[in-house]
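**Student:**
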Amino acid sequence: MLSSMAAAGSVKAALQVAEVLEAIVSCCVGPEGRQVLCTKPTGEVLLSRNGGRLLEALHLQHPIARMIVDCVSSHLKTTGDGAKTFIIFLCHLLRGLHAITDREKDPLMYENIQTHGRHWKNCCQWKFISQALVTFQTQILDGIMDQYLSRHFLSIFSSAKERTLCRSSLELLLEAYFCGRVGRNNHKFISQLMCDYFFKCMTCKSGIDVFELVDDYFVELNVGVTGLPVSDSRIIAGLVLQKDFSVYCPADGDIRMVIVTETIQPLFSTSGSEFILNSEAQFQTSQFWIMEKTKAIMKHLRRQNVKLLLSSVKQPDLVIYYAGVNGISVVECLSSEEVSLIRRIIDPSPFVPPQAFSQCEISNTALVKFCKPLILRSKRYVHLGLIGTCTFIPHCVVLCGPVQGLIEQHENALHGAFKMLRQLFKDLDLNYVTQTSDQNGTSSLFLYKNSGESYQAPDTGKGSIQRPYQDTVVENKDELEKTQTYLKVHSNLVISDVELETYISYSTPTDTFQTDETLKCLSLERNRLTDDYEPLLKNNSTAYSTRGNNRIDISYENLQATNITRKGSMLPVSCKLQNMGTSQSYLSSSMPAGCVLPVGGNFEILLHYYLLNYAKKCHQSEETMVSMIIANALLGIPRALYKSKTGKYSFPHIYIRAVHALQTNQPLVSSQTGLESVTGKYQLLTSVLQCLTKILTIDLVITVKRHPQKVHNQDSEDEL
Amino acid sequence: MSRLEAKKPSLCKSEPLTTERVRTTLSVLKRIVTSCYGPSGRLKQLHNGFGGYVCTTSQSSALLSHLLVTHPILKILTTSVQNHVSSFSDCGLFTAILCCNLIENVQGLGLTPTTVIRLNKHLLSLCISYLKSETCGCRIPVDFSSTQILLCLVRSILTSKPACMLTRKETEHVSALILRAFLLTIPENAEGHIILGKSLIVPLKDQRVIDSIVLPGILIEMSEVQLMRLLPIKKSTALKVALFCTTLSGDISDTGEGTVVVSYGVSLENAVLDQLLNLGRQLVSDHVDLVLCQKVIHPSLKQFLNMHRVIAIDRIGVTLMEPLTKMTGTQPIGSLGSISPNSYGSVKDVCTAKFGSKHFFHLIPNEATICSLLLCNRNDTAWDELKLTCQTALHVLQLTLKEPWALLGGGCTETHLAAYIRHKTHKDPESILKDDECTQTELQLIAEAFCSALESVVGSLEHDGGEILTDMKYGHLWSVQADSPCVANWQDLLSQCGCGLYNSQEELSWSFLRSTHHPFVPQTCLPHEAVGSASNLTLDCLTAKLSGLQVAVETANLILDLSYVIEDKN
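Here you go:
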């Protein structure tokens, strides 16, 4: 009893937490979003519309809130987008779940759900739901993406084979991205800047490795300048090092460069050795030798036409002096990131190993186009005209802004955009389970497609299902006997299943549009459902014979669990039924890189639509319920996006138009220009579901008042 | 254990601008900056309750760096003004006041921040494109062949900083000095890419301002005793200079990570000293006349050099190294032996000089792009203020060299711009709105807020209860003294507009700045003869003002866009 109360409380608590977070993030979501000002403990001020940053800045204490924030940041780390949508979606999911428990307690509704209510009240309900969520995420979602959503996808590439990118589509993508990331008076400018940067850095051979390079070294590839208007931001060719020359000797033409990581001047003794001075003359000779040696090395460098020396350490005065005498510019104290960036850009790298100097053998020099000081707002930088490889042409972004906080915001947004592009340029693997063989795959597809029309003509729908069924029976005679017995068992189940279907559709009227539709088709559904069971069962057993054992075991566990929640009294029968009958075909497919959809909640509305259709068709109550909850929660995102819009552009209008277009097989028309990455949306969905699963599996939150370190350890265990 | 302390939760406030506290603090800041603005601005005395230095100022850079601002919104405002000032030196108060006004004026209009920001941005780009266009009626070309306009520019900057405490005569003197110092930094025969030299400001406190002076070359301050010891050199040709950046004190340099074992009886000090004396011999044989060292020179070496009639000066410090390198054309030497002959530089002459109570060693260059401005003022605070002002003026002159235009000062640019915007938004609102979702009414509201923000900036030029008027032809600013009798005939009361370009003898009609008046077309395209005839104009730096305008609007937009403030309480 105690644990169940705590479990129920945990969804409620999570909902409360999520609603608070939603209130904060919803103010900066979408194109109409506004800025949030954060102060750091050091007193610096930071402007942000980045959901992840906001959530971290809040320093939340509530354990569930902290868990949510952790989930968001790990999601952001890979995708660079979607923190705000994460919270909104999670909040709507929790609301959907909460609504179910509330309804259960409602005495008016009690009769409807009497048979199930008993079971729901059993202690483990949240755990089962969370398992259903896992099943959904691992087995169903990918299938819906692959089978239904994929036909709506557009590609960012103008030619998919060569992956060539045209500027206009990238502009649309980036504009939509920056709309939600930077202040509205700057987003156009920043997205143009990013677009320019992208096309200046890329060559025709560039691939995903460029995004990785820029993503990894973004800090080194941009320079922030305060005190200038944002519109002064620009892109400059080459690399800007954020330090000044130690010696600068103007040079033209063929400039060669070397990188060193140790002092060039030989020292008296190296680490671990001992230098014994016996006389004053010896000391003077050694000093003289050191001097002459340094001089010789620098002369040698000049003969090699080396005019630029980059050093990761501070060089002694002597080296600097002889460099100056020999017309070699020197930049000292490069950070290790800068060195590794240069080494990645230039191939082969002009890195000189320490021992090379003693032998005066310097072969690894690299050519630079120019090397000159760059003055940005009276601060001096080193500007190198590095010649890139065939995949990356080095360029730097100079970001200007009146305050540092704004520059940082733009920097983060640009970095995030590269992360997003990095994800977009990857193929996405989809693995899912279908419960039918190929034949029925197509037939069920047919059903979905025509789900709108099948209400008018249920007879044709029936026919199309039954035909493949008969075929399979003939093919699998050896399995026939078994299946028939289970069919008998199953006929008992059918009625209650339909009841459950009714219950679900009544129980989710959070969204008025969808409910109407479900109610309309309910009477017809009754017919269809009974028919549907037969081919499905039959085919499950067909596939069974060809499946490996281990896989089935895994899926069996999940299914068994879901069955328990479904029908307590019939548990042994249905469990056995599933054991025998649930053989599933595992399909894998992949979503090609560069899939995009128009912005403005298109992904959510599409997925919502297909999930509802799926839910109508599936027979397990948990699956139906989970699909419905997710489908309805998805609508929360476009609703938040269109919050401030009125009339033709308000959410109900958009939604009705979209659904109508889908039912009549017409293309969707988006009111906004702009594109968004499908991969990003998909990853967001899975991350949220994972987070929700985590929340649901917690039944008790125990507060421990001990040393912070201990508390922290406990937290991290919980999170894991 | 303290490091493991759990973080305190942050404080999150929504709609920060609507709270009373923010409004109060904003208006306090606004009062502080407005009261400082202009030639008759009031001074602020800033001092720390724990003692120490008292600063009397009316400049934004000094004021804002001393103010301790805690509210994050105010912090955004002050940092963005400070950042602007550190890049352009001028127009800090203008930026701050305009920003405060813009924020204040749109509150209570009842428009969404989106609309306000969008329209503000349109109006800003309207201003920028007008100020940059050929038809602009409030900017004049700067002619570098005569000093007239440049002097006006410098003088305007000096007069707008009352805390310098300069008399009229002193202002003239310092303006001329600043201009001279600036002109000395321009290389004589420059082709293509000009690299400006540097004006070093040398402090000379407790002297009359009139005693300030500009000298070509570098002044190195020394005690009288040291100076006496230096022997006078009489040489007709240029003097050969060696400039050392490494220490000549006889320290043993870095010996590496291993150990160095010195046998008994071996004196490294002697060995190093030998080395130094060898260096001395080389310098003498190379006929070096002057040895300068950033760090310390060993007394023995010093004496050796003096014996050979070589002047040795040490402890020059890192700040003088760059101008010295530039002026003498040397390569700073980092070696104790085998000096390349190319590393030596030269100066035309050296002499000693005494200004006030201070003694200086003066290096006179062959070709001067480095000069020293000996700046005098009566006391510390006034000197600090004057120094800041001089730096501002020098920077403004540099900016003007890059963009040879100046804006009419004295508030005329602002009133003219406001009149232009009003007229533009009334006549042709469609071209501004284009395809935006904003309505014309919204545009009128915001344009009015924007223009009145600009006008109240110049309104704050008047601190003595006077009235501010604007004429209906040029859109310039005219001010009337407080105690003047209210008469219908403005022409007798007014003499000159704020910038001094027009006088009241023309047939003009005036109206109060704050009163509502019909939009009119301010005269664009400044006639050339008008500029030529006027000798005493008040001018502003175009680059600084443009950036100030942009920063003010951008910052105001940023602050208006805030929906939450999250304060980290750790």
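These protein sequence lines map, in sequence, to chains U and A.
Be aware that the first sequence starts at 255, since it is given in our numbering, and climbs by one per residue.
Be aware that the second sequence starts at 17, since it is given in our numbering, and climbs by one per residue.
C-beta: ideal position from N, C-alpha, C; glycine also.
#1: Once DSSP output is grouped into helix, strand and coil, what is the label at Val-85 (chain A)?
#2: Taking only runs that begin and end inside the segment 430-454 of chain A, name each unbroken alpha helix (DSSP H) of 4 or more residues, in chain order.
#3: CB Ile-410 (chain U) to CB Leu-929 (chain U), shorter than 8 Å?
#4: Using a Cβ cut-off of 9 Å, pull out every chain U residue sitting near Leu-89 (chain A), in sequence order please.
#5: Compute the Euclidean distance between the alpha carbons of His-914 (chain U) and Leu-861 (chain U), then round it to the nearest angstrom.
#6: In the structure shown, what three-state DSSP assignment does Ser-409 (chain U) receive?
#7: In whole angstroms, what separates the C-alpha of Lys-311 (chain A) from that of Thr-262 (chain A)?
#8: Are the segment 502-521 of chain A and the segment 389-403 of chain A touching, with three or more C-beta to C-beta distances below 8 Å?
#9: Leaving out five residues on either side along the sequence, give the residues of the same chain with a beta carbon under 7 Å from the beta carbon of Tyr-502 (chain U).
#10: Between Lys-294 (chain U) and chain A, is the shortest Cβ-Cβ distance under 8 Å, so that the two count as touching?
#11: For Gly-361 (chain A), tell me which candidate among A:Ala-463, A:Leu-135, A:Ala-258 and A:Leu-33 has the shortest Cα-Cα distance.
#12: Along chain A, which residues have their Cβ under 8 Å away from the Cβ of Cys-625 (chain U)?
#13: Closer than 7 Å, Cβ to any Cβ of chain U: which residues of the segment 284-318 of chain A, in chain order?
#14: May I ask you to list the residues that DSSP assigns as paired with Asn-685 (chain U)?
#15: Residues of chain U with CB under 9 Å from Ile-92 (chain A), in chain order?
#16: Nearest to Ser-359 (chain A) by CA position, among U:Ile-444, U:Tyr-575 and U:Leu-563, is which residue?
#17: Determine whether the Cβ of Lys-24 (chain A) lies closer than 8 Å to any Cβ atom of chain U.
#18: Whole angstroms is fine: what's the gap from Leu-529 (chain A)'s alpha carbon to Glu-471 (chain A)'s?
#19: Identify the contact partners of Val-277 (chain A) in chain U, using a Cβ-Cβ distance below 8 Å as the criterion.
#20: Given Ser-511 (chain A), which residues of its chain have a CB within under 8 Å of its CB, disregarding the five upstream and five downstream residues?
#21: Check this for me: beta carbons of Ser-579 (chain A) and Gln-289 (chain U), under 8 Å apart or not?
#22: Residues of chain A with CB under 7 Å from Arg-288 (chain U), in chain order?
#23: What does a CB cutoff of less than 6 Å around Gln-98 (chain A) pick up in its chain, not counting 5 residues either side in sequence?
#24: Is the CB-CB distance between Lys-549 (chain U) and Ser-354 (chain A) below 8 Å?
#25: If Val-225 (chain A) and Val-190 (chain A) are in contact, beta carbons under 8 Å, what's the gap, nearest whole angstrom?
#26: If you measure from the beta carbon of Thr-559 (chain A) to each beta carbon in chain U, is any gap under 8 Å?
#27: Compare the C-beta of Lys-137 (chain A) against all C-beta atoms of chain U and say whether one is closer than 8 Å.
#28: Taking DSSP's pairing of strands, which residues face Met-879 (chain U) in a bridge?
#29: So, using beta-carbon positions, are Val-573 (chain U) and Ser-356 (chain A) closer together than 8 Å?
#30: Quick one: what does DSSP say Pro-317 (chain U) is sitting in, helix, strand or coil?
#31: Using a cut-off of 9 Å between C-beta atoms, extract the partners of Ser-265 (chain A) located in chain D.
#32: I'd like to check one pair, Cys-406 (chain A) with Arg-438 (chain A): are the Cβ atoms closer than 8 Å?
#33: Using C-beta distances below 6 Å, list every residue in its chain close to His-63 (chain A), excluding the 5 sequence neighbours before and after it, in chain order.
#34: Would Gln-454 (chain U) count as contacting chain A if we go by Cβ distances under 8 Å?
#35: Quick one, which residues of the segment 252-264 of chain A are near chain U if we go by CB-CB under 8 Å, in chain order?
#36: Could you work out which residues of chain A lie near Pro-483 (chain U), taking near to mean beta carbons separated by less than 7 Å?
**Tutor:** On the basis of the supplied data:
#1: Here the question's residue 85 (chain A) lines up with position 69 in the second sequence. In this structure, Val-85 (chain A) counts as coil in the three-state DSSP scheme.
#2: 445-449
#3: Taking the first sequence and counting its residues from 1, the one referred to as residue 410 (chain U) is at position 156. Taking the first sequence and counting its residues from 1, the one referred to as residue 929 (chain U) is at position 675. Yes; because the gap between Cβ atoms is below 8 Å, this pair is in contact.
#4: Stepping through the second sequence from its first residue, residue 89 (chain A) is reached at position 73. According to the sequence provided, residue 89 (chain A) is Ile. The question's Leu does not apply to it. Chain U residues near Ile-89 (chain A): Leu-291 and Val-299.
#5: Within the first sequence, numbered from 1, the residue matching residue 914 (chain U) stands at position 660. Within the first sequence, numbered from 1, the residue matching residue 861 (chain U) stands at position 607. Using only the alpha carbons, I get a separation of about 15 Å.
#6: Mapped onto the first sequence, residue 409 (chain U) falls at position 155. The answer is strand: DSSP assigns Ser-409 (chain U) an E or B state.
#7: Taking the first residue of the second sequence as position 1, residue 311 (chain A) is located at position 295. Taking the first residue of the second sequence as position 1, residue 262 (chain A) is located at position 246. Going by the C-alpha atoms only, they are around 7 Å apart.
#8: no
#9: Looking up residue 502 (chain U) in the first sequence gives position 248. Answer for Tyr-502 (chain U): Ser-583 and Pro-627, listed in chain order.
#10: For the purposes of this step, residue 294 (chain U) is identified with residue 40 of the first sequence, where counting begins at 1. Yes, because at least one Cβ of chain A sits closer than 8 Å to the Cβ of Lys-294 (chain U).
#11: By one-based count along the second sequence, residue 361 (chain A) stands at place 345. It is A:Ala-258.
#12: The sequence position of residue 625 (chain U) within the first sequence is 371, counting from 1. Within 8 Å Cβ-Cβ: nothing; Cys-625 (chain U) doesn't reach chain A, min ~16 Å.
#13: Leu-284, Asn-286, Ala-287, Asp-290 and Gln-291
#14: As a working mapping, residue 685 (chain U) is identified with position 431 in the first sequence. DSSP, once it has assigned bridges, lists U:Ser-842 as partnering Asn-685 (chain U).
#15: The residue labelled residue 92 (chain A) in the question sits at position 76 within the second sequence. What Ile-92 (chain A) touches in chain U: Leu-291, Val-299, Leu-301, Pro-656, Val-657, Gly-659 and Leu-660.
#16: By 1-based counting over the second sequence, the position of residue 359 (chain A) is 343. Closest option to Ser-359 (chain A), Cα to Cα, is U:Tyr-575.
#17: Numbered from 1 along the second sequence, position 8 holds the residue referred to as residue 24 (chain A). Judged by the 8 Å Cβ criterion, Lys-24 (chain A) is in contact with chain U.
#18: By one-based count along the second sequence, residue 529 (chain A) stands at place 513. By one-based count along the second sequence, residue 471 (chain A) stands at place 455. Their Cα atoms are separated by approximately 7 Å.
#19: Counting from one through the second sequence, the residue named residue 277 (chain A) turns up at place 261. Going along chain U in sequence order, the residues near Val-277 (chain A) (Cβ under 8 Å) are Glu-528, Phe-529, Ile-530 and Leu-531.
#20: Here residue 511 (chain A) refers to the residue found at position 495 of the second sequence. Counting only Cβ-Cβ distances below 8 Å, and skipping sequence neighbours, we find Asn-519 and Ser-520.
#21: What you label residue 579 (chain A) is simply residue 563 of the second sequence in a count that begins at 1. What you label residue 289 (chain U) is simply residue 35 of the first sequence in a count that begins at 1. Yes; because the gap between Cβ atoms is below 8 Å, this pair is in contact.
#22: Along the first sequence, read from residue 1 onward, the residue named residue 288 (chain U) stands at position 34. Simply Pro-129, Asp-577, Leu-578 and Ser-579.
#23: One-based indexing of the second sequence puts residue 98 (chain A) at position 82. Leu-80.
#24: The sequence position of residue 549 (chain U) within the first sequence is 295, counting from 1. The sequence position of residue 354 (chain A) within the second sequence is 338, counting from 1. Result yes, Cβ atoms of Lys-549 (chain U) and Ser-354 (chain A) sit closer than 8 Å.
#25: On the second sequence, residue 225 (chain A) is found 209 positions in, with the first residue counted as 1. On the second sequence, residue 190 (chain A) is found 174 positions in, with the first residue counted as 1. With a Cβ gap of about 6 Å, Val-225 (chain A) and Val-190 (chain A) count as contacting.
#26: Taking the second sequence and counting its residues from 1, one reaches residue 559 (chain A) at position 543. Judged by the 8 Å Cβ criterion, Thr-559 (chain A) is not in contact with chain U.
#27: Residue numbering aside, residue 137 (chain A) sits at position 121 when the second sequence is read from its first letter. Closer than 8 Å: yes.
#28: Along the first sequence, one-based indexing puts residue 879 (chain U) at 625. Answer is none; Met-879 (chain U) lacks a bridge partner.
#29: Stepping through the first sequence from its first residue, residue 573 (chain U) is reached at position 319. Stepping through the second sequence from its first residue, residue 356 (chain A) is reached at position 340. Not in contact: Val-573 (chain U) and Ser-356 (chain A) (Cβ atoms no closer than 8 Å).
#30: Along the first sequence, one-based indexing puts residue 317 (chain U) at 63. The answer is helix: DSSP assigns Pro-317 (chain U) an H, G or I state.
#31: This model lacks chain D altogether, as its protein chains are U and A.
#32: Counting from 1 along the second sequence, the entry for residue 438 (chain A) is found at position 422. Counting from 1 along the second sequence, the entry for residue 406 (chain A) is found at position 390. Cβ atoms of Arg-438 (chain A) and Cys-406 (chain A): not closer than 8 Å.
#33: Here the question's residue 63 (chain A) lines up with position 47 in the second sequence. Around His-63 (chain A): Val-70.
#34: As a working mapping, residue 454 (chain U) is identified with position 200 in the first sequence. The amino acid at residue 454 (chain U) is misidentified as Gln; the sequence shows Lys. By this cut-off, Lys-454 (chain U) is not an interface position.
#35: Cys-261 and Thr-262
#36: For the purposes of this step, residue 483 (chain U) is identified with residue 229 of the first sequence, where counting begins at 1. Ser-563, Gln-566, Val-567 and Glu-570, listed in chain order.
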